[in-house]
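For the sequence shown, position 216 (counting from the first letter as 1) is numbered 215 according to numbering that gives the first Met the number 0, and the numbering increases by one without interruption. C-beta atoms are modelled at their ideal positions from N, C-alpha and C, and glycine is treated no differently.
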Amino acid sequence: MRILALATEAFGGFGGIAQSNRDLFRALSLSHDVVVLPRRSTQKTLTDRNIIQKKPRFNKVVYSLTALRTLRREGPFDLIFCGHLFMAPLALWLSCLGKVPFWLQIYGIEAWARPCGSLRAAAERAGLVTAISRYTRRKFLSWADFPSEKAKVLPCTYGEQFYPGAKSDALVSRYDLNGKKVLLTVGRISSSERYKGHGYVLEALVRLRNNYPNLIYLIVGDGDDRPRLERRAAELGVTGSVRFIGRVKDEELPEVCRLADVFVMPSTGEGFGIVFLEAAASGVPVIGGNADGSLDALAEGKIGRCVDPQNVAEIVEAIQESLQSPKPNPSAVQKFSRENFNHHVSSVIARRSAGDDEAISAGKIASRKKEGGQALRSQ
Numbered sequence: 000m001r002i003l004a005l006a007t008e009a010f011g012g013f014g015g016i017a018q019s020n021r022d023l024f025r026a027l028s029l030s031h032d033v034v035v036l037p038r039r040s041t042q043k044t045l046t047d048r049n050i051i052q053k054k055p056r057f058n059k060v061v062y063s064l065t066a067l068r069t070l071r072r073e074g075p076f077d078l079i080f081c082g083h084l085f086m087a088p089l090a091l092w093l094s095c096l097g098k099v100p101f102w103l104q105i106y107g108i109e110a111w112a113r114p115c116g117s118l119r120a121a122a123e124r125a126g127l128v129t130a131i132s133r134y135t136r137r138k139f140l141s142w143a144d145f146p147s148e149k150a151k152v153l154p155c156t157y158g159e160q161f162y163p164g165a166k167s168d169a170l171v172s173r174y175d176l177n178g179k180k181v182l183l184t185v186g187r188i189s190s191s192e193r194y195k196g197h198g199y200v201l202e203a204l205v206r207l208r209n210n211y212p213n214l215i216y217l218i219v220g221d222g223d224d225r226p227r228l229e230r231r232a233a234e235l236g237v238t239g240s241v242r243f244i245g246r247v248k249d250e251e252l253p254e255v256c257r258l259a260d261v262f263v264m265p266s267t268g269e270g271f272g273i274v275f276l277e278a279a280a281s282g283v284p285v286i287g288g289n290a291d292g293s294l295d296a297l298a299e300g301k302i303g304r305c306v307d308p309q310n311v312a313e314i315v316e317a318i319q320e321s322l323q324s325p326k327p328n329p330s331a332v333q334k335f336s337r338e339n340f341n342h343h344v345s346s347v348i349a350r351r352s353a354g355d356d357e358a359i360s361a362g363k364i365a366s367r368k369k370e371g372g373q374a375l376r377s378q
């Protein structure tokens, strides 16, 4: 099968959506050819066999014309993959022109509230919708007139480079962490994404310092909300216990995860949270919120502690318990392994709805018109 993939970011991008796309495209490339059209790419791109990533086109009009040209000149394609709800109208247009179904992937807050008419109409005509968590799926179905059996959960995975190990002496020295206990949060620090919970962890730090005077809060990530958090740390009197280290390279992130004694991100708007898996796979106790897609990543408490993300007392208690408990066995996170993820992706692509084993494969793509739209039945 040949797949034309529309994506905001993939290879060369930063953040959870870019990582999710890379993992998905690599899984698809095991059996299919994937042509990726990214909107953004901020570093050298490296792609795998059976994956071609085109030059990024940020301008909306130029991007749309590039997608049309790719469809016509490099087709035929068997499937259009749409990597963001906001790109659904373009995906639907290409789907109609190419007479092939399109698959919509949704992540988090972009799909939780009822969108404008054009986005809603396009999403409702997707043949398949996959959500990275049950929470996002439920939110989508609350506003979309869409068959629930065609809305699937496709959880994220994590890389094999995340595993337990000793703290890096070089990084301990770089960030002045010798003899320190380390709390860690990894995520974009954006004014539009204040749901990560950094502020609540800063408040928790105030209460924890009496019992843990050597406790350091290591914040990985950058964005326009960093100055506000730095001011908040100063207001709370914990500036000396906080390290803002900015964005780190992908290849360095596993060692940064192993610096942590506790990973904590009490979010209220997380679609899933790949970083929870990465920290847990590194043998680090994990704390997340109980009000969003984090519950799926935490396996409802089997992988990490679930707290009310806006209750500082609960966060404090969870951190204390995590610091005092033995490090967890990372085997609990194996359900999200790359092998299981690849199998799950294959199942979504290869099977129709439960009880119907007719494959959706090259040479057996069903493009049906039903209730005013094309349909692709999935597992």
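Considering only residues of the same chain and omitting the five flanking positions on each side of Leu207, which have a CB-CB separation below 8 Å? Within the same chain, Leu214, Val315, Ile318, Gln319 come within 8 Å of Leu207 by CB-CB distance, once the 5 residues on both sides are set aside.
How is Gly11 classed by DSSP in three states: helix, strand or coil? Three-state DSSP puts Gly11 in coil, outside helix and strand.
If I'm right that Leu103 touches Ala120 with Cβ under 8 Å, what's the distance once you round it to whole angstroms? Their Cβ separation, rounded to whole angstroms, is 12 Å, which puts Leu103 and Ala120 out of contact at 8 Å.
Among all the DSSP beta bridges, which residues are the ones paired with Pro37? Residue pairing from DSSP places Pro37 in a beta bridge opposite Ala6.
Buried/exposed call for His197, threshold 16 Cβ in 10 Å: Buried, because 16 or more other Cβ atoms sit within 10 Å of the Cβ of His197.
Taking 7 Å as the limit between beta carbons, can you name the residues of its chain near Ser94, skipping five residues before and five after? Taken in chain order, the residues that qualify are Ile79, Pro100, Phe101, Gln373.
Our contact map puts Leu36 next to Leu5 with C-beta atoms below 8 Å; I'd like the distance itself, whole angstroms only. About 6 Å; that satisfies the 8 Å criterion.
With DSSP as the reference, identify every bridge partner of Lys180, one or two as the case may be. Leu214, per the DSSP bridge assignment.
Hey, quick one: how far does the alpha helix (DSSP H) through Gln323 stretch, first residue to last? Its alpha helix (DSSP H) spans residues 311 to 323.
To the nearest angstrom, how far is it from the Cα of Val152 to the Cα of Leu67? Taking the straight line joining both Cα atoms gives about 29 Å.
How about Val261 and Val255: do their beta carbons lie closer than 7 Å? No. Outside cutoff.
N- and C-terminal bounds of the alpha helix (DSSP H) containing Ala203: Annotation: the continuous alpha helix (DSSP H) that includes Ala203 extends over 197 to 207.
Enclosing alpha helix (DSSP H) for Phe262 [first to last residue]: Phe262 -> not in any alpha helix (DSSP H); beta strand (DSSP E) instead, spanning 261 to 264.
Between Glu109, Gly82, Cys115, Gly74, which lies nearest to Lys98 when the distance is taken from Cα to Cα? Cα-wise, what sits closest to Lys98 is Gly74.
Taking the continuous beta strand (DSSP E) assigned at Ala349, which residues delimit it? Where Ala349 is concerned, there is no enclosing beta strand (DSSP E), although the alpha helix (DSSP H) around it starts and stops at 337 to 349.
Does any CB atom of chain C fall closer than 7 Å to the CB of Pro308? Structure shown: chain C not included; a single protein chain is present.
Validate contact between the segment 266 to 281 and the segment 292 to 305 using beta carbons, cut 8 Å, 3 pairs: Contact between the segment 266 to 281 and the segment 292 to 305 is present, because at least three Cβ pairs lie under 8 Å.
So what does DSSP say about Ala120, is it helix, strand or coil? DSSP places Ala120 in helix when its eight states are reduced to three.
Closest to Gly164 by CA distance: which of Tyr62, Ile302, Glu338, Leu258 is it? Closest by alpha carbon: Leu258.
Backbone CA spacing between Pro55 and Ile218 [nearest angstrom]: One Cα belongs to Pro55, the other to Ile218, and the distance between them is close to 29 Å.
Excluding five sequence neighbours on each side, which residues of the same chain lie with their C-beta closer than 6 Å to the C-beta of Ile108? Cβ within range, chain order: Gly268.
Alpha carbon to alpha carbon, how far is Leu3 from Ile348? Give it in angstroms, no decimals. Rounded to the nearest whole angstrom, the CA to CA distance from Ile348 to Leu3 is 14 Å.
What residues are listed by DSSP as bridge partners for Arg1? Beta-bridge annotation (DSSP): Arg1 is paired with Asp32.
Would you mind working out which of Asp223, Phe76, Pro88, Val311 sits nearest Met264, comparing C-alpha positions? Of the listed residues, the one whose Cα sits closest to Met264 is Val311.
Mapping the DSSP letters down to three states, classify Ser352 as helix, strand or coil. Unreliable placement is indicated for Ser352, whose pLDDT of 35 sits below 50; no coordinate value is reported for it.
How is the alpha helix (DSSP H) around Phe275 delimited, first residue to last? That run of the alpha helix (DSSP H) goes 273 to 280.
Curious, which full-length alpha helix (DSSP H) runs of at least 4 residues does the segment 108 to 157 contain? Listed in chain order, they are 116 to 123, 133 to 142.
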